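Taken in order, these protein sequences are the chains called A and B.
If you read the first sequence in this note's numbering, its first letter stands for residue 17, the second for the next number, and so on.
If you read the second sequence in this note's numbering, its first letter stands for residue 17, the second for the next number, and so on.
The structure under discussion appears below in the form of structure tokens.
Protein chains: 2
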Amino acid sequence: MRVEILNTGTELLLGNTVNTHAAWFGRELFKLGLRVARQTTVPDGEAIREAIESCVARADVLIVTGGLGPTSDDLTRELAAAALGLDLITDEAALRSIEAFFAARGRPMAEANRKQALAPVGCDVLPNPNGTAPGIYIPPRINGRSDCALFLLPGPPRELQPMVHAEVVPRLRALTGGALPAASIELKFTGIGESDFHQGIDARLAEIEGLEYGYCARIGEVDLRLIGGTDAIARAKEIALWSFADFLISDDGSSLEQTVIALLARHRLTLATAESCTGGLVADRLTNVPGASEVFTHGFVTYANEAKTAVLGVPAADIVAHGAVSEIVARKMAEGALRVSGASLAVAVTGIAGPGGGTPEKPVGTAWIGLAAKDATTTASQILQPRQRRDFKLAASQAALDAVRRALIAR
Amino acid sequence: MRVEILNTGTELLLGNTVNTHAAWFGRELFKLGLRVARQTTVPDGEAIREAIESCVARADVLIVTGGLGPTSDDLTRELAAAALGLDLITDEAALRSIEAFFAARGRPMAEANRKQALAPVGCDVLPNPNGTAPGIYIPPRINGRSDCALFLLPGPPRELQPMVHAEVVPRLRALTGGALPAASIELKFTGIGESDFHQGIDARLAEIEGLEYGYCARIGEVDLRLIGGTDAIARAKEIALWSFADFLISDDGSSLEQTVIALLARHRLTLATAESCTGGLVADRLTNVPGASEVFTHGFVTYANEAKTAVLGVPAADIVAHGAVSEIVARKMAEGALRVSGASLAVAVTGIAGPGGGTPEKPVGTAWIGLAAKDATTTASQILQPRQRRDFKLAASQAALDAVRRALIAR
Numbered sequence: 017m018r019v020e021i022l023n024t025g026t027e028l029l030l031g032n033t034v035n036t037h038a039a040w041f042g043r044e045l046f047k048l049g050l051r052v053a054r055q056t057t058v059p060d061g062e063a064i065r066e067a068i069e070s071c072v073a074r075a076d077v078l079i080v081t082g083g084l085g086p087t088s089d090d091l092t093r094e095l096a097a098a099a100l101g102l103d104l105i106t107d108e109a110a111l112r113s114i115e116a117f118f119a120a121r122g123r124p125m126a127e128a129n130r131k132q133a134l135a136p137v138g139c140d141v142l143p144n145p146n147g148t149a150p151g152i153y154i155p156p157r158i159n160g161r162s163d164c165a166l167f168l169l170p171g172p173p174r175e176l177q178p179m180v181h182a183e184v185v186p187r188l189r190a191l192t193g194g195a196l197p198a199a200s201i202e203l204k205f206t207g208i209g210e211s212d213f214h215q216g217i218d219a220r221l222a223e224i225e226g227l228e229y230g231y232c233a234r235i236g237e238v239d240l241r242l243i244g245g246t247d248a249i250a251r252a253k254e255i256a257l258w259s260f261a262d263f264l265i266s267d268d269g270s271s272l273e274q275t276v277i278a279l280l281a282r283h284r285l286t287l288a289t290a291e292s293c294t295g296g297l298v299a300d301r302l303t304n305v306p307g308a309s310e311v312f313t314h315g316f317v318t319y320a321n322e323a324k325t326a327v328l329g330v331p332a333a334d335i336v337a338h339g340a341v342s343e344i345v346a347r348k349m350a351e352g353a354l355r356v357s358g359a360s361l362a363v364a365v366t367g368i369a370g371p372g373g374g375t376p377e378k379p380v381g382t383a384w385i386g387l388a389a390k391d392a393t394t395t396a397s398q399i400l401q402p403r404q405r406r407d408f409k410l411a412a413s414q415a416a417l418d419a420v421r422r423a424l425i426a427r
Numbered sequence: 017m018r019v020e021i022l023n024t025g026t027e028l029l030l031g032n033t034v035n036t037h038a039a040w041f042g043r044e045l046f047k048l049g050l051r052v053a054r055q056t057t058v059p060d061g062e063a064i065r066e067a068i069e070s071c072v073a074r075a076d077v078l079i080v081t082g083g084l085g086p087t088s089d090d091l092t093r094e095l096a097a098a099a100l101g102l103d104l105i106t107d108e109a110a111l112r113s114i115e116a117f118f119a120a121r122g123r124p125m126a127e128a129n130r131k132q133a134l135a136p137v138g139c140d141v142l143p144n145p146n147g148t149a150p151g152i153y154i155p156p157r158i159n160g161r162s163d164c165a166l167f168l169l170p171g172p173p174r175e176l177q178p179m180v181h182a183e184v185v186p187r188l189r190a191l192t193g194g195a196l197p198a199a200s201i202e203l204k205f206t207g208i209g210e211s212d213f214h215q216g217i218d219a220r221l222a223e224i225e226g227l228e229y230g231y232c233a234r235i236g237e238v239d240l241r242l243i244g245g246t247d248a249i250a251r252a253k254e255i256a257l258w259s260f261a262d263f264l265i266s267d268d269g270s271s272l273e274q275t276v277i278a279l280l281a282r283h284r285l286t287l288a289t290a291e292s293c294t295g296g297l298v299a300d301r302l303t304n305v306p307g308a309s310e311v312f313t314h315g316f317v318t319y320a321n322e323a324k325t326a327v328l329g330v331p332a333a334d335i336v337a338h339g340a341v342s343e344i345v346a347r348k349m350a351e352g353a354l355r356v357s358g359a360s361l362a363v364a365v366t367g368i369a370g371p372g373g374g375t376p377e378k379p380v381g382t383a384w385i386g387l388a389a390k391d392a393t394t395t396a397s398q399i400l401q402p403r404q405r406r407d408f409k410l411a412a413s414q415a416a417l418d419a420v421r422r423a424l425i426a427r
């Protein structure tokens with residue numbers, strides 16, 4: 017089944033907004049065993065009609081995003097109907113739910129919003145609980161012109177994504193006659209690279225009947241996606257974990273910071289951070305997780321050497337003797353953060369983010385991670401990730417969070 | 017001049033990589049007074065040829081990204097030549113520079129890399145100082161088949177972007193016969209919204225002859241882009257600054273954090289941060305700027321109330337009486353950070369990121385910013401930005417950095 021995505025919106029082509037729809041649909045459709053064959057972006061206006069005409073000539077399913085709002089440049093509904101030779105009429109149920117949306121917010125409905133209830137005869141109006149623009153599903157062969165099924169969806173991700181899960185996925189399953197795979201999971205790993213998977217397990221995964229799989233390598237992370245029957249997935253998961261269980265972040269899509277927060281909560285432990293080269297990124301990532309405040313209490317960004325000494329009690333002599341980026345300083349930072357915060361665990365990271373500051377012995381990309389706990393010996397580990405400044409910070413923050421994860425699963 | 021972008025790469029359609037090329041080209045071409053008329057993504061392989069054929073039939077300029085690497089699925093070069101009926105020959109200069117790239121890194125050149133030196137006869141090979149894949153420029157009417165000019169560029173942004181500035185932009189200027197605008201600038205503002213510009217200056221900007229302009233609204237920021245003759249730009253900038261000079265972050269594309277770091281360096285001052293709801297994001301943003309270590313010394317993430325008291329000396333009684341999200345606590349956090357760090361300035365932020373924790377008096381989205389300086393009275397300001405957790409953190413970090421900017425430009 018050939019699926020195409022058509023994103024509409026002048027803002028996407030002016031560069032005001034990065035188009036994240038394309039990647040999101042790629043991942044969601046992969047879970048269903050489907051691929052995006054082509055993705056196109058066109059500006060608001062007549063170009064939409066021409067693009068729909070050429071897409072429906074090639075595709076079995078066309079998903080169109082954007083242009084369903086109330087303003088004069090929101091024309092996707094009208095242009096799709098014109099491209100397929102369909103008439104638009106007001107859908108009374110859709111109109112009532114738009115009116116209800118405004119009533120619930122105590123605001124009057126503008127006249128312009130009425131057109132959002134228009135839909136071609138014989139099509140399904142897809143409810144939008146998160147906005148005023150309902151989606152539209154145009155089945156194939158509705159007027160004999162096209163064998164392509166069309167979905168017209170609102171542009172904002174927080175409106176589009178729930179609509180895809182509730183309304184689009186079931187219709188895609190029906191269109192394929194139930195041929196879509198029964199299940200899919202994503203296993204996230206850290207501390208190993210994509211080549212480890214290729215060398216370690218790829219040949220065995222390839223032998224599993226009814227399994228599709230793919231890797232996605234990010235900074236400090238490899239995601240393994242498995243789709244297929246439940247038996248095939250279970251077998252593949254078993255193979256992956258037999259080799260790489262130690263490196264598993266999650267099997268449910270949870271990020272490393274979500275996993276760390278959940279583990280801390282489960283063990284009723286608290287965490288403090290002491291950061292130099294990551295500059296607050298470890299704390300920032302932890303506090304992106306709702307509920308972080310239950311387990312994360314103190315973060316120290318000791319960027320200057322004097323801060324390491326004055327705030328965390330790292331002996332100035334150690335910094336002079338070994339340098340700020342050293343095993344001993346990483347350990348002392350972690351121990352200092354533990355002592356000052358009173359938390360159960362503390363993680364520290366010190367490294368050279370660059371572009372300046374590297375030496376032959378300690379090149380840009382070097383970092384030491386220290387981990388201290390109330391009831392355990394302090395440990396330290398080193399990474400070397402020579403990358404651009406921001407990517408290095410991400411890699412070092414990943415290593416620091418993983419040190420916490422490993423300490424927690426060992427309990 | 018109609019410009020289209022064709023991005024190639026299966027990883028873009030599987031969702032492994034978010035396509036940032038489209039937005040980047042939108043912004044870069046806007047500076048030249050050009051628009052992207054359409055953007056298309058296709059997977060590696062034969063689909064590239066078909067897409068090139070349909071793009072060149074519509075466009076005056078087609079920019080193709082990706083698929084110039086050494087592996088068997090890197091076929092853009094071959095498929096573009098086939099689409100246009102051109103023969104590929106080895107470009108000796110390109111081959112020598114690929115050999116030199118490997119020699120400089122002490123690695124042998126693989127046989128597979130030889131094909132990266134292939135180019136159609138009569139085309140320009142575009143040097144790639146940052147990788148092994150040279151770009152290719154195919155002028156219009158090279159074989160009478162197409163009036164479209166083609167650029168084939170490598171996929172990785174750190175290879176592509178310098179090549180666009182060095183090789184593509186001059187050729188685009190030549191193709192338009194010098195009709196492109198003389199200049200463009202971007203003015204970044206914070207603390208005001210897009211509607212302030214519409215009400216305040218839009219009508220006057222619209223009257224300026226030879227000016228194109230556009231707004232880009234981000235969280236806590238509006239970017240005003242001006243393109244046209246130098247006189248038109250100067251006039252527009254004068255109008256914008258007459259109304260909104262107080263809100264100007266930069267007129268050279270610098271981010272708020274870059275501006276703050278530069279102002280601190282110019283005044284030879286140091287900064288400390290004390291963060292609650294932003295959880296380290298303010299420190300993280302500051303330390304993304306190379307050279308931040310010269311002026312940013314200490315960051316405190318006092319997420320728990322006890323941390324605010326124990327680390328920064330915020331009186332527990334103030335927290336009990338006024339709540340952790342209050343003007344007095346923001347002031348005391350800033351003063352505590354100033355005292356503990358010995359920095360010249362300290363900024364503090366405390367707020368309710370949600371989803372939980374809001375009350376009718378202090379809803380989710382409330383934050384207080386405190387600013388303390390060695391030689392000045394502590395000040396505080398409030399924002400209300402009811403957004404999703406991450407977006408609220410971004411908005412609050414923007415307000416905190418802007419408080420520092422305002423204090424520094426007042427000196």
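No residue lacks a Cβ here, since even glycine has one placed at the ideal position from N, Cα and C.
It should be emphasised that the depicted structure is a prediction, and the values quoted were computed from it without experimental measurement.
Measuring only between beta-carbons, confirm whether residue i sits less than 9 Å from chain A.
| i | result |
| --- | --- |
| V298 (chain B) | yes |
| F316 (chain B) | yes |
| E322 (chain B) | yes |
| F167 (chain B) | no |
| K204 (chain B) | no |
Starting from residue i, find everything on chain A with Cβ-Cβ shorter than 8 Å and list it in chain order.
| i | result |
| --- | --- |
| V40 (chain B) | Reading off the sequence shown, one finds Trp at residue 40 (chain B), where the question assumed Val. G31, listed in chain order. |
| A63 (chain B) | A53 and R54 |
Distance, Cα to Cα, residue i vs residue j?
| i | j | result |
| --- | --- | --- |
| T9 (chain A) | F263 (chain B) | What the structure shows of chain A is the stretch from 17 to 427, and residue 9 (chain A) is not part of that stretch, so it cannot be assessed. |
| V363 (chain B) | L297 (chain B) | 13 Å |
| I79 (chain A) | V58 (chain A) | 13 Å |
| R157 (chain B) | N32 (chain A) | 34 Å |
| D247 (chain B) | E44 (chain B) | 21 Å |
| G236 (chain A) | G209 (chain A) | 8 Å |
| G381 (chain A) | Q401 (chain A) | 4 Å |
| D140 (chain A) | T275 (chain A) | 40 Å |
| L176 (chain B) | P376 (chain B) | 51 Å |
| A290 (chain A) | V317 (chain A) | 6 Å |
| A98 (chain A) | E223 (chain B) | 36 Å |
| Q55 (chain A) | S70 (chain B) | 14 Å |
| F118 (chain B) | I152 (chain A) | 54 Å |
| R355 (chain B) | G25 (chain A) | 50 Å |
Applying a beta-carbon distance threshold of less than 8 Å, which residues of chain B neighbour residue i?
| i | result |
| --- | --- |
| L28 (chain A) | A38, A39, G42 and Q55 |
I'd like to know whether the C-beta of residue i is nearer than 9 Å to at least one C-beta of chain B.
| i | result |
| --- | --- |
| T313 (chain A) | yes |
| R51 (chain A) | yes |
| R10 (chain A) | No answer is possible for residue 10 (chain A): the residues shown for chain A start at 17 and end at 427. |
| V345 (chain A) | no |
| G147 (chain A) | no |
| Y153 (chain A) | no |
| C293 (chain A) | yes |
| G171 (chain A) | no |
So, residue i versus residue j, is the Cβ gap smaller than 9 Å?
| i | j | result |
| --- | --- | --- |
| A219 (chain B) | R187 (chain B) | no |
| F41 (chain B) | S200 (chain B) | no |
| R421 (chain B) | H283 (chain B) | no |
| K348 (chain A) | L328 (chain A) | yes |
Can you list the residues of chain B that residue i reaches, using a CB-CB cut of under 9 Å?
| i | result |
| --- | --- |
| R406 (chain A) | N304 |
| P371 (chain A) | P306 |
| G230 (chain A) | L30 and N32 |
With a cut-off of 9 Å, does the C-beta of residue i fall near any C-beta of chain D?
| i | result |
| --- | --- |
| V34 (chain B) | Given the protein chain composition of this structure (A and B), no chain D is represented. |
Could I get the ranges of all uninterrupted alpha helix (DSSP H) runs contained in the stretch 238–308 of chain B, with 4 residues as the minimum, in chain order?
246–260, 272–283 and 297–302
* Entirely within the stretch 302–375 of chain A and at least 4 residues each: give me those alpha helix (DSSP H) ranges in chain order. => 321–328, 332–338 and 343–357
Inset, instruction - Please go through the stretch 68–119 of chain B and give each complete beta strand (DSSP E) segment of 3 or more residues, from N-terminal end onward. - result: Entirely contained in the stretch 68–119 of chain B, the beta strand (DSSP E) runs reaching 3 residues are, in chain order, 77–81 and 104–106.
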